[in-house]
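Visitor: If you scroll down you'll find the structure; I have some questions about it.
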Amino acid sequence: MRSIMLQILAVTVINLKSLPQRLWLSLATVIAVGLVVTVLLAFLSMANGFRRTIADSGAEDIAVVLRSGAVSEINSVVLRDQVRLIEDGPGIAKGSDGKPQTSGELYLTVNGIKRSTGTKASLPLRGLGPQGPGLRRGVVMIAGRMFNPGSNEIIVGRALGKEFEGFELGRTVAFNNTRWTVVGIFAADGSVFESEIWADLPVLQSLFKRTGAVQTVRARLTSPAAIETLRAYSDNDPRLKLDVMSEAAYFAQQASNTSDLIQKLGWPLAIAMAFGSLAGALNTMYSSVAARATEIATLRAIGFGGFSAFVGTLVESLILAAIGGVIGAAATYLVFDGFTASTMGASFSQVVFNFQLSPRLIGQGLLLALAVGLFGGLFPALRAARMPIVAGLYG
Amino acid sequence: MLSPTDPIDPMIDIVDLCKRFTKGKETITIFDGLNLAIPRGDFVAVMGPSGSGKTTLLNLLGGIDRSDAGEIEVAGERLDRLSESELSRWRASHIGFIFQFYNLMPMLTAAQNVELPLLLTRLGRKERRQRVETALGVVGLADRVKHYPKEMSGGQQQRVAIARAIVSDPALLLCDEPTGDLDRTTADEVLSILQVLNRDLGKTIVMVTHDPAAAQYAKRSLHLDKGHFIEKELVA
Chain A
1 MRSIMLQILA
11 VTVINLKSLP
21 QRLWLSLATV
31 IAVGLVVTVL
41 LAFLSMANGF
51 RRTIADSGAE
61 DIAVVLRSGA
71 VSEINSVVLR
81 DQVRLIEDGP
91 GIAKGSDGKP
101 QTSGELYLTV
111 NGIKRSTGTK
121 ASLPLRGLGP
131 QGPGLRRGVV
141 MIAGRMFNPG
151 SNEIIVGRAL
161 GKEFEGFELG
171 RTVAFNNTRW
181 TVVGIFAADG
191 SVFESEIWAD
201 LPVLQSLFKR
211 TGAVQTVRAR
221 LTSPAAIETL
231 RAYSDNDPRL
241 KLDVMSEAAY
251 FAQQASNTSD
261 LIQKLGWPLA
271 IAMAFGSLAG
281 ALNTMYSSVA
291 ARATEIATLR
301 AIGFGGFSAF
311 VGTLVESLIL
321 AAIGGVIGAA
331 ATYLVFDGFT
341 ASTMGASFSQ
351 VVFNFQLSPR
361 LIGQGLLLAL
371 AVGLFGGLFP
381 ALRAARMPIV
391 AGLYG
Chain B
1001 MLSPTDPIDP
1011 MIDIVDLCKR
1021 FTKGKETITI
1031 FDGLNLAIPR
1041 GDFVAVMGPS
1051 GSGKTTLLNL
1061 LGGIDRSDAG
1071 EIEVAGERLD
1081 RLSESELSRW
1091 RASHIGFIFQ
1101 FYNLMPMLTA
1111 AQNVELPLLL
1121 TRLGRKERRQ
1131 RVETALGVVG
1141 LADRVKHYPK
1151 EMSGGQQQRV
1161 AIARAIVSDP
1171 ALLLCDEPTG
1181 DLDRTTADEV
1191 LSILQVLNRD
1201 LGKTIVMVTH
1211 DPAAAQYAKR
1221 SLHLDKGHFI
1231 EKELVA
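Laid out in structure tokens, this is it:
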């Protein structure tokens, strides 16, 4: 066993030390694998960033109430009477004033212009009551002030303000033939709410002709477990044909659709590219075996086994692929990690998010690289192991 | 046909050896019933024109090529009955190869090249290093341990190759045109080393060569022509 390990080590060292003789071909393989990993990780970090931006927005002790069967806020309706019944429901926390901590909210989309491309995109405009901001984690005004109830004033999420034109503090924008003034910029712990515009609920209801109903109700629960009590209450009251879920569960569901779509685009593209780089790796390794034919045959003549030639060649291929994988991961980290983008969320409005690379994703990228190295090295390694010694020595 | 006769302790014993090559639709017969016996401790030069089968014979003796029929017994082992992996192990412990173009690993130092056969043994690092130093000392290159092949002359490289061939103390050295790439003076130095290895260390040596002057260093010469030995010369 020790002898086999020493043989493999010797063959591997010989292979690696002879790499400079095949520098350009080896470099081409490294770059090809690196590109595959970069493309894959770009997509995966995009999906990851999107999912985390949305999923991290949700709290376990906040209930989101939607019309039964509604898949998102945009296609939900909750009538005024239903809002009152929810406010009186069990498991809902009361404020210091004794009132239930709930917020009926309207969720509309308006047009905005993307700074990076100059194209139109749908932006979420949320109408919410005075308790609305308090039902979200980490909401703070970072510039200006809160909108005044009853006025045509809006406050804008930090991420949205950066990504879209015309939402600077003090600017006036037009929605639905009405002019609105930006009076504040808010942050919300980097959550999806930073991709929203907020306005006073009654004003929005009036100007957008949505009186008598909201689209969602948010409510603070006495504890995360109280969600079951509230759901049972809703399910047992025939007047409440509503879906009740925790905000965390709601956002996880919202995130998964788009995130899955991005991943489903990323993997096939990366795998298609991986086949391309596999061809490159095969070419490199076959060339490597051909270039080392005399060396391999000499070692075999000395008494080295075919297995050491096989493993040594495979290890060379794996090392080249691993170097490519590391370079690809590093390139993705440098170019994409933290890169801000926006895309359509489940409510047909833009969500601003950052690409987020994680150790798990880097692991997936490296695994793909090693798979290219394994399959790219396998057949050349078999050729190295089975090469007739005489043919290697005398050509 | 010449058949060196019944040595008491044969290192090599070949009986009715057949070897053919197929090239396209053509079959070329190299040996058809070759017989040969070489005793332990002999130093034999195998000569003959190109295509006579000299190198093929050497390859068959070293177990890196297969016969089509007949028996090959070398160092007490029937090579025609061994598997590839058994042949590898057998070569590691019984054979030292010396090639015309040295076949050193250019990326390894002289010491690392010489150490290669020892990686197939159970020797520890310290003992391997001692053996490498001894082998390089035998060929007069004790001061070239850390030199790479490109930093050495052809003669020095061939001496490193000889050190590699003897470092694991094999009984049989197979030399394929060992001086074919060297000038006369350097060739004489290399051949003198082979002579010492045969005379003082008892190595059996089979050397394929075109060069009659090189053959003079052997104890005897065998001449191959069209797959048969045709003449025997006792040299020394």
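In the order they appear, the protein sequences are chains A and B. The opening position of the first sequence corresponds to residue 1 in the numbering used here, with each subsequent residue numbered one higher. The opening position of the second sequence corresponds to residue 1001 in the numbering used here, with each subsequent residue numbered one higher. Heads up, the beta-carbon is just placed ideally off N, CA and C, and yes, glycines get one too.
(1) Taking methionine 1011/B as the query, report the chain A residues whose CB atoms sit under 8 Å from its CB, ordered along the chain.
(2) When burial is assigned at 16 or more other CB atoms within 10 Å of the CB, is tyrosine 394/A buried or exposed?
(3) Please go through the region 6–69 of chain A and give each complete beta strand (DSSP E) segment of 3 or more residues, from N-terminal end onward.
(4) Quick one: measure Cβ to Cβ for glutamate 153/A and valine 183/A, integer angstroms, because I've assumed they're closer than 8 Å.
(5) Can you list, in chain order, the residues of its chain with a C-beta nearer than 6 Å to that of arginine 171/A? Leave out the 5 residues immediately preceding and following it.
(6) Work out the CA separation of alanine 297/A and serine 1088/B for me, nearest whole Å.
(7) Between arginine 2/A and chain B, is the shortest Cβ-Cβ distance under 9 Å, so that the two count as touching?
(8) Would serine 3/A pass as a contact of leucine 1119/B if the rule is Cβ separation under 9 Å?
(9) Considering only the alpha carbon of each residue, which of Phe193/A, Asn354/A, Ile74/A and Gly280/A lies closest to alanine 321/A?
(10) Let me check one thing: in DSSP terms, what residues is histidine 1228/B bridge-paired to?
(11) Over what stretch of residues does the beta strand (DSSP E) that includes glutamate 1026/B continue unbroken?
(12) Excluding the five sequence neighbours on either side, which residues of its own chain have a C-beta within less than 7 Å of the C-beta of leucine 361/A, listed in chain order?
(13) For methionine 1107/B, does the three-state DSSP call read helix, strand or coil?
(14) From the beta carbon of methionine 1001/B, is the nearest beta carbon of chain A less than 9 Å away?
(15) Does DSSP put alanine 225/A in a helix, a strand or coil?
(16) Can you give me the start and stop residues for the beta strand (DSSP E) that glycine 377/A sits inside?
(17) Tell me isoleucine 1098/B's beta-bridge partners as DSSP assigns them.
(18) Checking contacts by CB at 9 Å: is isoleucine 31/A closer than that to chain B?
(19) Along the chain, where does the beta strand (DSSP E) containing tyrosine 107/A start, and where does it finish?
(20) Go through its chain and collect everything with a Cβ distance to phenylalanine 147/A's Cβ below 8 Å, but skip five positions before and after it.
(21) What are the boundary residues of the alpha helix (DSSP H) that includes methionine 285/A?
(22) Give me the Cβ distance between serine 304/A and alanine 384/A, rounded to the nearest whole Å; I'm assuming they're in contact under 8 Å.
(23) Can you tell me whether glutamine 215/A is buried or exposed? The criterion is at least 16 other CB atoms within 10 Å of its CB, across all chains shown.
(24) May I ask you to report which of helix, strand or coil DSSP gives asparagine 354/A?
(25) May I ask you to list, following chain order, the residues of the region 1097–1130 of chain B that have a beta carbon less than 8 Å from some beta carbon of chain A?
(26) So with CB distances below 8 Å, who are the chain A contacts of glutamate 1084/B?
(27) Going by C-alpha distance, which of Thr1029/B, Phe1229/B and Thr1056/B is nearest arginine 1020/B?
(28) Please specify which runs of the beta strand (DSSP E), each continuous and at least 3 residues long, are wholly inside the region 1035–1082 of chain B, giving them in chain order.
(29) Who are the neighbours of glutamate 295/A on chain B, taking C-beta pairs under 7 Å?
(30) When you check each C-beta in the region 1053–1066 of chain B against every C-beta of chain A, which residues fall closer than 8 Å?
(31) Classify lysine 1203/B as buried or exposed, calling it buried when 16 or more other Cβ atoms lie within 10 Å of its own Cβ.
(32) Which same chain residues end up closer than 6 Å to aspartate 1111/B when comparing Cβ atoms and leaving out the 5 residues on each side of it in sequence?
(33) Measure the beta-carbon distance from alanine 291/A to arginine 22/A and round it to whole angstroms, keeping in mind my assumption that it falls under 8 Å.
(34) Could you list the residues in the region 269–301 of chain A with a C-beta less than 9 Å from some C-beta on chain B, going in chain order?
(35) My parser needs the alpha helix (DSSP H) runs of 4 or more residues fully inside the region 164–252 of chain A; what are they?
(36) Using the Cβ count rule (16 or more neighbours within 10 Å means buried), how would you classify methionine 387/A?
Guide: Checking against the coordinates, here is how it stands:
(1) Correct list: empty, because the minimum Cβ distance to chain A is about 18 Å.
(2) exposed
(3) Those beta strand (DSSP E) runs which fall completely within the region 6–69 of chain A and span 3+ residues are 62–67.
(4) 5 Å
(5) Excluding sequence neighbours, arginine 171/A sits near Val182.
(6) CA-CA distance, serine 1088/B to alanine 297/A, rounds to 12 Å.
(7) yes
(8) yes
(9) Selected option, being the one with the closest Cα: Gly280/A.
(10) Assignment of beta-bridge partners to histidine 1228/B by DSSP yields Asp1225/B.
(11) Per DSSP, glutamate 1026/B belongs to the beta strand (DSSP E) from 1026–1039.
(12) Leu41, Leu44, Ser45 and Asn48
(13) coil
(14) Model confidence at methionine 1001/B stands at a pLDDT of 38, short of 50, so the residue's coordinates are unreliable; what they give is reported in the following sentence. Chain A contact via Cβ: absent.
(15) In the structure shown, alanine 225/A sits in coil (DSSP, three-state: anything other than H, G, I, E or B).
(16) Glycine 377/A -> not in any beta strand (DSSP E); alpha helix (DSSP H) instead, spanning 359–386.
(17) Cys1175/B
(18) no
(19) Residues 102–113.
(20) Non-local beta-carbon contacts of phenylalanine 147/A in its own chain, meaning distances under 8 Å to residues more than five positions away in sequence, involve Glu153, Ile154, Ile155, Val183, Gly184, Trp198, Ala199 and Asp200 in chain order.
(21) 247–291
(22) Looking at the sequence provided, one finds phenylalanine at residue 304/A rather than serine. Contact flag wrong, Cβ pair sits at about 11 Å.
(23) buried
(24) strand
(25) Phe1097, Phe1099, Asn1103, Met1105, Pro1106, Met1107, Leu1108, Leu1116, Pro1117, Leu1119, Leu1120, Thr1121 and Arg1122
(26) Gly306
(27) Thr1029/B
(28) 1043–1047 and 1069–1074
(29) Met1105
(30) Going along the region 1053–1066 of chain B in chain order, one finds Thr1055, Asn1059, Gly1062, Ile1064 and Asp1065 with a Cβ nearer than 8 Å to chain A.
(31) Residue burial annotation: lysine 1203/B is buried, with at least 16 other C-beta atoms found within 10 angstroms of its C-beta.
(32) Note that residue 1111/B is alanine in the sequence shown here, rather than aspartate. Val1132 and Val1145.
(33) 6 Å
(34) Thr294, Glu295, Ala297, Thr298, Leu299, Arg300 and Ala301
(35) 201–207 and 226–236
(36) buried
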